[in-house]
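Here the sequence shown is numbered in UniProt numbering, starting from 1 and rising by one per residue.
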Amino acid sequence: MATKRTQGQHFDSVVRHIFSWSISDILNNNIFKDKVKKIPDTFDTVENYFESFTYPLVEEMRAEMCSNLEAISHAPFVEIKSLKCTKPKELIYRIAIMPPFRSSGSGDNEIYSPRKGDILMLLHSRPSDVSDLIQDQQSHRLCEVFKDEFDGLPPYNYVIMASGEINISKDTRKGRANSRLLANFQMSTITYNRIFKALSIGLARGGNLGVIQKVLRPDSMDTEGNVFISSDLVGSIHDVDIRTHLSKLDLNESQTNAILNCISARQCRHKKLINLIWGPPGTGKTKMITGLVWLLDQLGCRTLICAPTNAAVREVVSRLLKLLKEFSAISPCRMGDVVLLGNEKWLKVTDDLQDVFLDYRAKKLVECFALLTGWKHCLSSVLEFFIDGVSIYKQDLHYKKILREEKGRDWANKAEDADIDEESFVSFAKREFSSLVKKFTTCFGTLHRHLPRDAFSDDNCKKIYNLIDSLECFKNLLSKEEGFSNLEEIFVSPYQDAMSLAETSFEQCNSSTEFNLRHTRAYCCQMLKMLEKSLNITSLSGKLSIEDFCLQTANLIFCTASTSAKLYRLEVKRPFELVVIDEAAQLKESESLVPMQISFIDHAVLIGDERQLPALVKSKVSENAMFGRSLFERLCSLGHRKHLLNIQYRMHPSISLFPNANFYENKILNGSNVTGKNHRRKYLPGPMYGPYSFINIKHGYESFDNIGRSRKNDIEVTVVMHILSSLVTSTNRTRQRLSVGIICPYTAQVLAIQDSLGKLHRRNSNMKVKVSSVDGFQGSEEDVIILCTVRSNAGGLIGFLSNCNRTNVSLTRARYCLWILGNAPTLISSGSIWARLVSDAKARNCFFDATEDRGIATAISKSGFGRSNADSINFDQLRISERSKEV
């Protein structure tokens, strides 16, 4: 393969960086160290602000590539079936790949399918290690997926842009013909591209800098953070009775005040404001957000709602849809005013979300705008049937007669065709009209459900639904067996003769079928004529134009922060006023710049908790430069006031006691639901298995996994499995449903427990078990949490376990029971938050030795683990490994 790229070729900044790196560059952790500067707390200029994120972002990209290269033998890959160069000067190739696409190396059966923005490494054979690539720099080529099947290509076909010329006719390393070519997945550039785009727009001052100007310097911020709530606001805005609406939401005072502050900020059009809402675990943050968004919708405020992850976006939009359906009698809502934007696979779109998912909506609307089957055709077809139904019937008979003559007598003598031949006008009218009504109802039902409220006037909506009722009434009248001796005469008579009847409701007509048919026909004709003149729905053609129209006109748009970059390209028809960012403390500040620069946004509402886990940063260089810090955290550090949601509704008071005291200065109150008797659960006998306990595992020991990158504790695994087995027995006996979460700070411990779970799952269907890292549990909750601390050594070494944010997340996921497994001497010797936790557990009589449970003592004894294993650990080596081998 050639190494030189064509000079002068244009490609985006992300790919330009990646294609310029050699394997050695990617593996060099210090290559950008001198260029990455610490991101300051305040900024002098807009240019300095945007430039401060550029090199940390480049370094983070390199770190992700490095991590994936080091695990290249486990990377998903596909085999290329054919390759053709379509634009030699630009190194553009068309490829087809071999189905099925399955990742291999990791032992799973996950199907991998390349997507636009993926970086692939083209190879003649699968390397066993990254050293294979270093030894022969000529054996690979990087490329980016430029187009995929969503760009109109056939399945399994892609257009790629390569870092250099691709030559598959010869394997240069072995000097022999070799046509096999593999493509290994390395990383996705989608999010990086969107952030780079936002930074570029900001540097060029081409975006909306209104809100951005408010975050540069502390002297430009409202240090009070909240605006005054006027008595007028609590009354009504734009004829919306806010007090009545808020009473429907069943919110506490802190949630209500948070919403009112945000709405007050929105009313202050003369100044741009940022509201920070501090939502500790279990304080009803999502409930408050959905209430805010629902009320903003009632006020006609066009709002963009974002979050860092697809899961968080899905949760908020799901809750909002439930709220809309609950209050539909108070405020009718068309789903067309709500759009969920993103990738169906990553969003995991379920049936309850389909109606607002953009791709599904566009597919449904395409048919409604088709020339031969669309809404105009539905209107004209029904009206034509009412006016010329007899003529249509005669034309149908004539057409069938011609067909019989062409086909011959044998065809005509078939039983089913004989029935058709003898079809009366009554039978024809029933069949034809039923089909027309079904198409009309489906089409206009789809339009009403999927177009925003501005597409229809309220008057036209009323006419359409009255017409649908009338058409159904006419269909039901046709289904009756009497009164059809003169049905043809009804259809040939001018419908205007019955217009006076149409002036009164058809429901008031007498019981005569003929009378009701005439009356209903006249009424329907009148409504159809009126709708033909008054309906002014934008003409749309093609799925893409429909998607753009929906995004331009919907009142509420939900997406991840990076996905909001798709809104940049749209022509502004209805400007956004406000952006709401959920889980804002988990979002890198550079990524939050994507939605905040969208045109016309004046206000931002950031909801989060900077005392939980921040965004994940893979590069130590970028992490030290504060690249993972959120805008929420930076503003808090500058003294920008945050509105606290101060009542928690998740945890038993015994569970919330320690986190509240150590992370939230005892500012959080327990809700009445968690202090009542109904919130106490007893799943296993004995004091050890109460709401909160620390279970001391004296002789546990930690060890590295096979590749020396992560830690596990086999005795903790044994204890976990015994507790789970006991829970299975208990739930089988009581038939009580139970969700159990097992939190492990190390990947090796997660895998060790997962490997032991197989048989357990087959024993019980009432108990759901989730095993994951701390990061995997952020934002979720379970009935019972078993927390493994893993670390057990004489040196008091606990690594990143000492991180307070990580500890906070771990301790606040349980509803009813939190059981912490750990080696008390190790944790006490660490001098960290965990030392305080062990001391607190002892003071509260919540400290237990694992062997106090005879079943655990027996399980440990049978496992064969003992003190000799722990004593053999080289603690000097552990100290050396602390920084380099943590996962």
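Cβ atoms here follow ideal geometry from the backbone N, Cα and C, with glycine treated the same way.
Cα-Cα separation, N476 to K430
9 Å
Quick one: using the 10 Å Cβ neighbour count with 16 as the cut-off for buried, is A415 buried or exposed?
Unreliable positioning characterises A415 in this predicted model, as indicated by a pLDDT of 47, which lies under 50. The coordinate reading is nonetheless provided below. Classification of A415: exposed, given that the 10 Å Cβ count is below 16.
When you compare only the Cα positions, how much space is there between V366 and T441?
16 Å
Taking buried to mean at least 16 other C-beta atoms within 10 Å of its own C-beta, is D602 buried or exposed?
buried
Note down the Cα distance separating V382 from S493, rounded to an integer number of angstroms.
16 Å
Cβ neighbours of A265 in the same chain (closer than 7 Å, five flanking residues each side left out):
V227, L273, N275, H603
How should M148 be labelled, buried or exposed, when 16 other C-beta atoms within 10 angstroms of its C-beta is the threshold for buried?
Looking at the sequence itself, residue 148 is Asp, so the reference to Met does not match. It is buried - the Cβ of D148 has at least 16 other Cβ atoms within 10 Å.
Could you check where the alpha helix (DSSP H) with M121 kicks off and where it finishes?
Run containing M121: none in the alpha helix (DSSP H); it sits in the beta strand (DSSP E), 118 to 123.
Closest residue to T120 among V313, L182, N167, E90 (Cα-Cα distance)
For clarity, residue 120 is Leu in the given sequence; the question names Thr instead. Residue L182 is the option with its Cα nearest to L120.
So what does H643 bridge to, in DSSP terms?
I277
Can you tell me the Cα-Cα spacing of K462 and K325, whole angstroms?
20 Å
Tell me whether D151 is buried or exposed, calling it buried when 16 or more other Cβ atoms sit within 10 Å of its Cβ.
exposed
Terminal residues of the alpha helix (DSSP H) in which L371 lies:
Careful: L371 lies outside any alpha helix (DSSP H) and carries neither H nor E.
Would you mind stating whether W834 and T812 have Cβ atoms separated by less than 9 Å?
no
Cβ-Cβ separation, I856 to V719 (assumed contact under 8 Å), whole Å
6 Å
Please report the straight-line C-alpha distance between C636 and V215, rounded to a whole angstrom.
11 Å
Could you say if the segment 740 to 758 and the segment 652 to 669 meet the contact criterion of at least three C-beta pairs nearer than 8 Å?
no
For G202, report the span of its alpha helix (DSSP H) as first-last.
190 to 203
For R574 and H448, the rounded distance between their alpha carbons
19 Å
Please classify R854 as buried or exposed, where buried requires at least 16 other C-beta atoms within 10 Å of its C-beta.
exposed
Near D454, which residues of its chain fall below 7 Å by C-beta distance, leaving aside the five closest residues on each side in sequence?
T553
I want to know whether the segment 725 to 738 touches the segment 677 to 685 - three or more CB-CB distances under 8 Å.
yes
Please report the straight-line C-alpha distance between Q354 and M335, rounded to a whole angstrom.
10 Å
Given L818, which residues of its chain have a CB within under 6 Å of its CB, disregarding the five upstream and five downstream residues?
I655, Y692, I785
Work out the CA separation of V15 and A198 for me, nearest whole Å.
16 Å
Helix, strand or coil at V14 [DSSP, three-state]
helix
At which residues does the alpha helix (DSSP H) containing H603 begin and terminate?
H603 -> not in any alpha helix (DSSP H); beta strand (DSSP E) instead, spanning 603 to 608.
If you drop the 5 nearest sequence neighbours on each side, which residues of the same chain put their C-beta closer than 6 Å to that of Y192?
V14, M61
Are three or more beta carbon pairs between the segment 592 to 601 and the segment 544 to 551 nearer than 8 Å?
no
For E507, which residues in the same chain have their Cβ closer than 7 Å to its Cβ, ignoring the five residues on either side in sequence?
Caution is warranted here: a pLDDT of 48 is assigned to E507, below 50, making its placement in the model unreliable, and no coordinate value can be reported.
Whole-angstrom Cβ separation of S52 and I31, contact assumed at under 8 Å?
Wrong, their Cβ atoms sit about 19 Å apart, outside the cutoff.
In angstroms with no decimal places, state the Cα-to-Cα distance between S188 and T731.
43 Å
Express the C-alpha separation of I263 and R314 in angstroms, rounding to a whole number.
24 Å
Check whether the segment 300 to 309 touches the segment 573 to 587, taking contact to mean three or more Cβ pairs, one atom from each stretch, closer than 8 Å.
yes
T504 classed as buried or exposed, judged by whether at least 16 other C-beta atoms fall within 10 angstroms
With a pLDDT of only 48 at T504, under the threshold of 50, the placement of this residue in the model should not be trusted, and no figure is reported.
For V838 and K698, the rounded distance between their alpha carbons
13 Å
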